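Worksheet: the structure to be examined is printed underneath.
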Amino acid sequence: TQSASRTVMRVLDQFPAQKRDHIRTLLANVLRGVVSQTLVPNLDGKGRSLAVEVMAVNSAVSNLIREDRAWQIPMVMQTGKKYGMKLMDDSLIELVKLKKVSLEEALMRSTDKTKFISPIIEEETRKGR
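The working numbering runs 2 ahead of the 1-based position in the sequence shown.
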């Protein structure tokens, strides 16, 4: 999947509805992390660059899984950078800033386009472009 929260939801969707409460509890107790990856074509046309999302399961993430609120995981990940968590959009923004991938390619893969564009615009404004 394209994100850690979608991975959790996809795993849960593999089970019958009547078993999901039990599976959510089990998953919340045993899952330690999720890494999602995508390859983005390089700006120079040679090869691809890796964009990655990393979710480390802490008590907040476990509670969201247990309470069937996986859609809120990205908010926890945003505040969990000190634990090594990283959102896919942040990885894509980094690749654009490093001039490894084009803004268009990164935007096609982004989740929150408004969050994605503002740091790029701020940096370009700061540089006087």
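Idealized CB from N, CA, C, for every residue including glycine.
It should be emphasised that the depicted structure is a prediction, and the values quoted were computed from it without experimental measurement.
What does the alpha-carbon distance come out to for the pair serine 93 and leucine 29? Sequence index remark: in the sequence shown, residue 93 carries index 91 (1-based). Sequence index remark: in the sequence shown, residue 29 carries index 27 (1-based). Rounded to the nearest angstrom, the gap between the Cα atoms of serine 93 and leucine 29 is 26 Å.
Under 7 Å Cβ to Cβ from glutamate 25, same chain only, skipping five residues before and after it: list those, please. By one-based count along the sequence shown, residue 25 stands at place 23. For clarity, residue 25 is isoleucine in the given sequence; the question names glutamate instead. Cβ neighbours of isoleucine 25 beyond the five flanking positions: Leu14 and Phe17.
Only counting the same chain, and skipping five residues up and downstream in sequence, which positions put a Cβ closer than 7 Å to that of leucine 97? In the sequence shown, counting from the first residue as 1, residue 97 sits at position 95. Val42, Ser51, Ala53, Val103 and Ala108, listed in sequence order.
Three-state secondary structure (DSSP) at arginine 71? In the sequence shown, residue 71 corresponds to position 69, counting from 1. Correct three-state label for arginine 71: coil.
Starting from alanine 108, follow the beta strand (DSSP E) in both directions and report where the run begins and ends. Counted from its first residue, the sequence shown places residue 108 at position 106. First-last for alanine 108: 105-111, but that is the alpha helix (DSSP H), not the beta strand (DSSP E).
Could you compute how far the alpha carbon of alanine 58 sits from the alpha carbon of tryptophan 73? What you label residue 58 is simply residue 56 of the sequence shown in a count that begins at 1. What you label residue 73 is simply residue 71 of the sequence shown in a count that begins at 1. Taken atom to atom, the span from the alpha-carbon of alanine 58 to that of tryptophan 73 is near 15 Å.
Test item: CB-CB of methionine 87 and threonine 113 under 8 Å: Your numbering for residue 87 matches position 85 in the sequence shown. Your numbering for residue 113 matches position 111 in the sequence shown. Not in contact: methionine 87 and threonine 113 (Cβ atoms no closer than 8 Å).
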